[in-house]
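The structure appears right after this line, and notes come after that.
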Amino acid sequence: MNDNRILLGITGSAAAFKGVMLASLLRKEGYEVDGILTQAALQFISETQLACVTGRPVYSSLFTKQPGDPVPHITLTDSIDLFVIVPATADFIGKTANGLADDLLSSAFIACDAPVVMAPSMNTRMWNNSAVAANIKILETRGVIFAGPVSGPLACGTEGRGRLMEPQNILEICLDVIFGED
Ligand SMILES: Cc1cc2nc3c(=O)[nH]c(=O)nc-3n(C[C@H](O)[C@H](O)[C@H](O)COP(=O)(O)O)c2cc1C
Numbered sequence: 349m350n351d352n353r354i355l356l357g358i359t360g361s362a363a364a365f366k367g368v369m370l371a372s373l374l375r376k377e378g379y380e381v382d383g384i385l386t387q388a389a390l391q392f393i394s395e396t397q398l399a400c401v402t403g404r405p406v407y408s409s410l411f412t413k414q415p416g417d418p419v420p421h422i423t424l425t426d427s428i429d430l431f432v433i434v435p436a437t438a439d440f441i442g443k444t445a446n447g448l449a450d451d452l453l454s455s456a457f458i459a460c461d462a463p464v465v466m467a468p469s470m471n472t473r474m475w476n477n478s479a480v481a482a483n484i485k486i487l488e489t490r491g492v493i494f495a496g497p498v499s500g501p502l503a504c505g506t507e508g509r510g511r512l513m514e515p516q517n518i519l520e521i522c523l524d525v526i527f528g529e530d
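Structure follows, in structure tokens:
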């Protein structure tokens, strides 16, 4: 058990707002939540929107403007109970499966030794892409736990697998991982 701290990453998906919903649920469970947004996530939600829920600064730049902390990709991953990425894009899954670290969120992933939960969200054709499937397999063998995706209506107007799991269900998986249940 660490300090009841969770690091939440939000990537550039139409379902990014559900990452903010998860932050709210985690706060209600008593967790301090630090948030990282990718540059693409900023096209969907704002730092202010997430900060209003977490009550803490939100980060989106590797080379931070925060005074006193030049290495947020390290400090944000210190003593956390869990690192959860909701939603996780095909791009983020691909980067992390291949050890790339060219922004704050992927650098934090490389620096993290806490359990990691990723909740993918994408169009069904993207989800069915063999490169995405291979990347998921790589991450699973390295211990990443995947929450979903589920089948249902998608932002692109179609239906199928690729829909982000509901925040309440992701929360339950996060708590199971933290408390060591199967
Ligand atoms: C409107 C819109 C919605 C998108 N939704 C998704 C999505 O749900 N899943 C996904 O993998 N990519 C989605 N993308 C593509 C990503 O935003 C793009 O791959 C981006 O580079 C991801 O960057 P990031 O992984 O750094 O956040 C979407 C793009 C647009 C324009």
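Per our numbering: the sequence shown = residues 349 to 530.
Backbone N, C-alpha and C fix where the C-beta goes; we use that ideal spot for every residue, glycine too.
Please read these numbers as outputs of a predicted model, since none were measured by experiment.
Close beta carbons around residue i, own chain, < 6 angstroms, minus the five adjacent residues each side
i	result
residue 392	364
residue 519	373
residue 507	501
Outcome for residue i when other beta-carbon atoms lying within 10 angstroms are tallied against a minimum of 16
i	result
residue 476	exposed
residue 465	buried
residue 358	buried
residue 434	buried
residue 349	Bear in mind that a pLDDT of 49 at residue 349, under 50, signals an unreliable position, so the model cannot answer this.
residue 478	exposed
residue 496	buried
residue 438	buried
Check whether residue i and residue j have beta carbons under 8 angstroms apart
i	j	result
residue 512	residue 467	yes
residue 486	residue 521	no
residue 407	residue 424	yes
residue 458	residue 353	no
residue 386	residue 451	yes
Close beta carbons around residue i, own chain, < 8 angstroms, minus the five adjacent residues each side
i	result
residue 368	358, 393, 397, 398 and 401
Close-in-space but distant-in-sequence residues of the same chain around residue i (CB under 7 angstroms, 5 per side omitted)
i	result
residue 448	454
- Would you mind listing the beta strand (DSSP E) stretches within the stretch 398 to 469 that are 3+ residues and don't spill past its ends, in chain order? Runs found: 430 to 436 and 464 to 468.
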